[in-house]
Amino acid sequence: MFSRRLLDTLSRARSVVAFTGAGISAESGVPTFRGSGGIWKKYRPEELANLDAFLRNPELVWEWYRARRQVMSGIAPNAGHLALAAMERCFERFAVITQNIDNLHRRAGSRTIYELHGNIERNYCIGCRAQYVSEVLPGTEGAPRCPACNGLIRPDVVWFGELLPSDEWDASLSAAEGSDVFLSIGTSAVVYPAASLPRAARRSGAYVVEINIEPTDLSDQADEVILGRSGEVLPELLERITTIQKGTPA
Ligand code: BJW
Ligand code: ZN
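Residues in the sequence shown are numbered from 1 upward in steps of one, following the working numbering.
(1) Going by DSSP in three states, LEU237 sits in which element: helix, strand or coil?
(2) Helix, strand or coil for VAL136? Go by DSSP, reduced to three states.
(3) For ASP217, name the three-state secondary structure that DSSP assigns.
(4) Please state if the CB of SER110 and the CB of ALA76 are separated by a distance shorter than 9 Å.
(5) Just tell me which of VAL209, ARG122, ALA175 has its CA closest to the CA of GLN221.
(6) Keeping to the same chain, check which residues put their C-beta closer than 7 Å to that of CYS128; ignore five residues upstream and five downstream.
(7) Find out if the Cβ-Cβ distance for the pair ASN100, ALA22 is shorter than 9 Å.
(8) What residue range is occupied by the uninterrupted beta strand (DSSP E) comprising ALA18?
(9) With burial defined as no fewer than 16 other Cβ atoms inside 10 Å of the residue's Cβ, what is the status of MET1: buried or exposed?
(10) Since PRO155 is in the beta strand (DSSP E), which residue starts that stretch and which ends it?
(11) Who does TYR114 pair with in a DSSP beta bridge?
(12) Give the single residue among TYR207, THR32, GLU46 whose Cα lies nearest to the Cα of ASP8.
(13) Just to be sure I understand the criterion: a residue counts if its Cβ is closer than 5 Å to at least one heavy atom of the ligand ZN. Which residues meet that?
(14) Under a Cβ-count criterion, where at least 16 other Cβ atoms within 10 Å of its own Cβ denotes burial, should VAL133 be classed as buried or exposed?
(15) Would you say ALA201 and VAL17 are within 9 Å of each other, going by their C-beta atoms?
(16) Buried or exposed: which applies to ASN57, given that a residue is buried once 16 or more other Cβ atoms fall within 10 Å of its Cβ?
(17) Which word fits LEU164, buried or exposed, when buried means at least 16 other C-beta atoms lie within 10 angstroms of its C-beta?
(18) Please work out which residues of its chain come closer than 7 Å, Cβ to Cβ, to SER25, disregarding the five sequence neighbours upstream and downstream, and give them in chain order.
(19) Find out if the Cβ-Cβ distance for the pair GLY178, SER15 is shorter than 9 Å.
(20) Rounded to whole angstroms, what is the Cα-Cα separation between ARG203 and GLU232?
(21) Quick test of your reading: GLU168 and GLU115, contact by CB under 8 Å. State the CB separation rounded to the nearest angstrom.
(22) Under 6 Å Cβ to Cβ from ARG4, same chain only, skipping five residues before and after it: list those, please.
(23) Return yes when at least one heavy atom of the ligand BJW lies under 8 Å from the C-beta of ILE185, else no.
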């Protein structure tokens, strides 16, 4: 499943990046946005994940996020998340750059995590910017309002047309450009600027590997494409890495 070149490169690698998208959480039961098995088809992300949609119909956008939060609270990290958490201990530098808002990398034990599109557990008031964790939000229906200023509270996630958090972005770009191996896992790689990271890594000389159940817009530009489920491919890759590092033949 893994090329000799990938295993050799990993055996010398000092810095590895895992760039993840919705596909890594699919095997935990979180629906993806696009691709086969993407079940948010009732709502296209472009329709709901933007500020205009929120201001026009905050109740509907909140209904979507409440439904997703409910899904996300009832699930656990899968073998793919756990393998990445274990891989962090195998390299001098290892970062998870995720587009996901579901907290599953943290819950799996990864420590260096850059969340490019926010986190579903956090919210803030669009009037006074006060922060609210999801547990304390009032009500189970409608759009919650800020007790301090009566402004609308929104999820602390990045919608279309919004800038990514600059600290997370800067750290991600520098990790991508400094990586020896860049793993692009379970993402359709169509949403920018996140999707520019594998391309930037490759330009800087990283060996770029895509792990996905189907080809994507990135496949032609990757050094290696592994077609398979991340919950199966990543534990196998971890196994090969630990074998190599123990000094036994891969
Ligand atoms: C498996 C699997 C298994 C399944 N194992 N694999 C034209 C060109 C370039 C850019 C633009 C453009 N027009 C507009 C833009 C900008 C826009 C953009 O990129 N749009 C594109 C869609 C064209 N980007 C933005 O607006 C960004 N901001 C920005 O650019 O700021 C500058 C700016 C400022 C002012 C004005 C204009 C620009 C912000 C983007 C924010 C994206 N937000 C969302 C919602 C986050 C919150 C939430 O979750 O609710 O982020 S949208 C949604 O897409 C979410 C995801 O993080 C993101 C990426 O999706 P992802 O993770 O790749 O999931 P899928 O479903 O697409 O793919 C899953 C994959 O898994 C599939 O390939 C499956 O095959 C695979 N899979 N099971 C392995 N078991
Ligand atoms: Zn407020």
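We treat Cβ as the ideally placed atom computed from N, Cα and C, and that holds for glycine.
Taking the structure as given:
(1) For the purposes of this step, residue 237 is taken as the residue at position 237 of the sequence shown. It is helical.
(2) Here residue 136 refers to the residue found at position 136 of the sequence shown. Three-state DSSP puts VAL136 in a helix.
(3) Here residue 217 corresponds to residue number 217 of the sequence shown, with the count starting at 1. For ASP217, the three-state secondary structure derived from DSSP is coil.
(4) Translated into the one-based positions of the sequence shown, residue 76 becomes position 76. Translated into the one-based positions of the sequence shown, residue 110 becomes position 110. Against a cut-off of 9 Å, the Cβ pair of SER110 and ALA76 comes out as no contact.
(5) Here residue 221 refers to the residue found at position 221 when the sequence shown is read from its first residue. The residue with the shortest Cα to Cα distance from GLN221 is VAL209.
(6) As a position in the sequence shown, residue 128 is number 128, starting the count at 1. Correct list, in chain order: CYS146, ALA148, CYS149, GLY151.
(7) Translated into positions along the sequence shown, residue 100 becomes position 100. Translated into positions along the sequence shown, residue 22 becomes position 22. Yes, these two residues count as a Cβ contact at 9 Å.
(8) In the sequence shown, counting from the first residue as 1, residue 18 sits at position 18. Per DSSP, ALA18 belongs to the beta strand (DSSP E) from 15-20.
(9) If you number the sequence shown from 1, residue 1 lands on position 1. By the neighbour-count rule (16 or more Cβ atoms within 10 Å), MET1 is not buried but exposed.
(10) Reading the sequence shown from its first residue, position 155 is the one you call residue 155. DSSP places PRO155 in the uninterrupted beta strand (DSSP E) bounded by 153-157.
(11) On the sequence shown, residue 114 is found 114 positions in, with the first residue counted as 1. ILE97.
(12) Taking the first residue of the sequence shown as position 1, residue 8 is located at position 8. Ranking the options by Cα distance to ASP8, first place goes to TYR207.
(13) Every residue with a CB closer than 5 Å to a heavy atom of the ligand ZN is listed here in chain order: CYS125, GLY127, CYS128, ALA130, CYS146, ALA148, CYS149, GLY151.
(14) In the sequence shown, residue 133 corresponds to position 133, counting from 1. Counting Cβ neighbours within 10 Å, VAL133 comes out exposed, since fewer than 16 surround it.
(15) Taking the first residue of the sequence shown as 1, we reach residue 201 at position 201. Taking the first residue of the sequence shown as 1, we reach residue 17 at position 17. One thing to note: ALA201 has its Cβ within 9 Å of the Cβ of VAL17.
(16) As a first step, residue 57 must be located in the sequence shown, where it is residue number 57. Under this definition ASN57 is an exposed residue.
(17) Along the sequence shown, one-based indexing puts residue 164 at 164. Taking all protein chains in view, the Cβ of LEU164 is crowded by 16 or more other Cβ atoms within 10 Å, so the residue is classified as buried.
(18) If you number the sequence shown from 1, residue 25 lands on position 25. Counting only residues of its own chain and dropping the five nearest sequence neighbours on each side, SER25 has a CB closer than 7 Å to the CB of ASN100, ASP102, LEU104.
(19) For the purposes of this step, residue 178 is identified with residue 178 of the sequence shown, where counting begins at 1. For the purposes of this step, residue 15 is identified with residue 15 of the sequence shown, where counting begins at 1. Less than 9 Å divides the Cβ of GLY178 from the Cβ of SER15.
(20) Locating residue 203 in the sequence shown gives position 203, where the first residue counts as 1. Locating residue 232 in the sequence shown gives position 232, where the first residue counts as 1. Rounded to the nearest angstrom, the two C-alpha atoms are 29 Å apart.
(21) Here residue 168 is taken as the residue at index 168 of the sequence shown, counted from 1. Here residue 115 is taken as the residue at index 115 of the sequence shown, counted from 1. The pair is a contact, with the Cβ atoms about 6 Å apart (cut-off 8 Å).
(22) Counting from one through the sequence shown, the residue named residue 4 turns up at place 4. Leaving aside the five residues that flank ARG4 on each side, none in its chain has a CB nearer than 6 Å to its CB.
(23) Within the sequence shown, residue 185 is the residue found at index 185, counting from 1. A distance criterion of 8 Å places the beta-carbon of ILE185 in contact range of the ligand BJW, judged by its closest non-hydrogen atom.
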